[in-house]
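Quick notes on the structure that follows.
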Amino acid sequence: MSSFRSQMQAMSLEERHEVSQQRDSDKSKTGAEPHAQTELSHQSKDDLQVSPYPLPPLEECLEAKRAKHCMYFGFYAGRDGVQKALISSFPEEFGNRYPDDISILWPALLYLRAITKCDELELHVGVVSQRVKDQILSIQEPVGASVLVLGLFPLDREAFERRITQEGANKISKLFGTPPTWWRISQVTEGE
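Residues in the sequence shown are numbered from 1 upward in steps of one, following the UniProt record's numbering.
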């Protein structure tokens with residue numbers, strides 16, 4: 001298995017090559033610049049966006065708004081879920097690291113962004129609700145506790161329209177062992 005560093009570099013180069021090829025292909029098909037075409041004209045099965053349904057209950061959204069919180073669609077990360085994803089993907093390089101090693105949190109987040117081709121992935125502080133606890137049985141924290149959440153997108157129209165692909169969400173789900181769901185977020189972090 002290739003090293004973490006070489007795999008990240010390869011993904012970066014592959015992405016640049018794909019964008020260049022797509023731009024050339026789009027222009028040769030229609031004679032028009034790619035930005036002049038509709039996005040749906042070249043959407044493949046792998047480009048389908050993740051389904052955020054069912055949406056969170058209205059009462060939960062209103063309660064979050066009253067508390068000056070927001071709703072995010074994302075994954076339960078717990079104390080060390082993000083780091084475990086990196087360790088399981090690169091056991092020869094990170095297998096000797098403890099999952100709660102905070103020094104690999106940032107590289108792990110960058111890795112998840114790279115494999116999903118989604119720069120919007122962020123870590124947030126979420127609140128465990130009874131609905132979420134019923135959906136994700138592995139959550140040990142009590143209702144009302146704060147937990148780390150890997151946020152995919154907030155509950156707003158603009159973010160909804162540019163949300164992650166189903167393929168990207170499936171990759172994270174496989175690494176985390178849980179499905180995504182709606183979370184009440186008490187603290188939003190800002191990434192690069």
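For each residue, glycine too, the CB sits at the ideal point set by N, CA and C.
Minimum length 3: unbroken beta strand (DSSP E) runs contained in the region 118-167: If only uninterrupted beta strand (DSSP E) runs of at least 3 residues are considered, those enclosed by the region 118-167 are 122-127 and 146-154.
Since L86 and A114 should fall inside the 8 Å C-beta cutoff, what is the C-beta to C-beta distance between them, to a whole number of angstroms? Taking C-beta atoms under 8 Å as the contact rule, L86 and A114 fail to qualify, at a distance of about 11 Å.
Strictly by DSSP, which residues pair up with C61? DSSP lists no partner for C61.
Three-state secondary structure (DSSP) of T178: If DSSP states are grouped into helix, strand and coil, T178 belongs with coil.
What is the residue span of the alpha helix (DSSP H) that G81 lies within? Element bounds for G81: G81 to S89.
Hey, quick one: how far does the alpha helix (DSSP H) through Y111 stretch, first residue to last? Taken as a continuous stretch (DSSP letters only), the alpha helix (DSSP H) holding Y111 covers L105 to T116.
Kindly list the residues whose CB is nearer than 8 Å to the CB of V82, restricted to its own chain and excluding five residues on each side of it in sequence; keep chain order. Same-chain partners within the cutoff: L105, A108, L109, L112, L123, L148 and L150.
Compare the C-alpha of V127 against each of P52, Y76 and E59 and name the closest. V127 has its Cα closest to that of Y76, out of P52, Y76 and E59.
Within its chain, find whatever has a CB closer than 6 Å to the CB of Q166; leave out the 5 residues flanking it on each side and keep chain order. Contacts found: L48 and V50.
Does the region 179-186 touch the region 66-73, meaning 3 or more C-beta pairs lie closer than 8 Å? Taking 8 Å as the limit for Cβ pairs, the verdict is that the region 179-186 does touch the region 66-73.
Going by Cα to Cα distance, which pick from K68, R66, P180 and A67 is closest to residue 244? A question about residue 244 goes unanswered here, because the residues of the chain that appear run from 1 up to 192.
Of all the options F94, G95, S89 and P99, which has the alpha carbon lying nearest to the alpha carbon of D80? Here the closest residue by C-alpha is P99.
Could you have a look at S173 and say whether DSSP puts it in helix, strand or coil? In the structure shown, S173 falls within a helical segment according to DSSP collapsed to helix, strand and coil.
Taking C-beta to C-beta, are E60 and S146 nearer than 8 Å? No, the pair does not count as a contact, with Cβ atoms beyond the cut-off.
If we ignore side chains and look at the alpha-carbon of each, how far apart do S41 and E161 end up? Any reading at S41 must be qualified, since the residue scores a pLDDT of 39, below 50, and its modelled position is unreliable; the value itself is stated next. Each residue's Cα considered, the two are about 16 Å apart.
Look up R184 in the DSSP assignment and say whether it is helix, strand or coil. In this structure, DSSP gives R184 an extended state, which the three-state scheme calls strand.
For the beta strand (DSSP E) that contains Y76, what are its first and last residues? Segment C70 to Y76, the beta strand (DSSP E) holding Y76.
Buried/exposed call for I164, threshold 16 Cβ in 10 Å: By the neighbour-count rule (16 or more Cβ atoms within 10 Å), I164 is buried.
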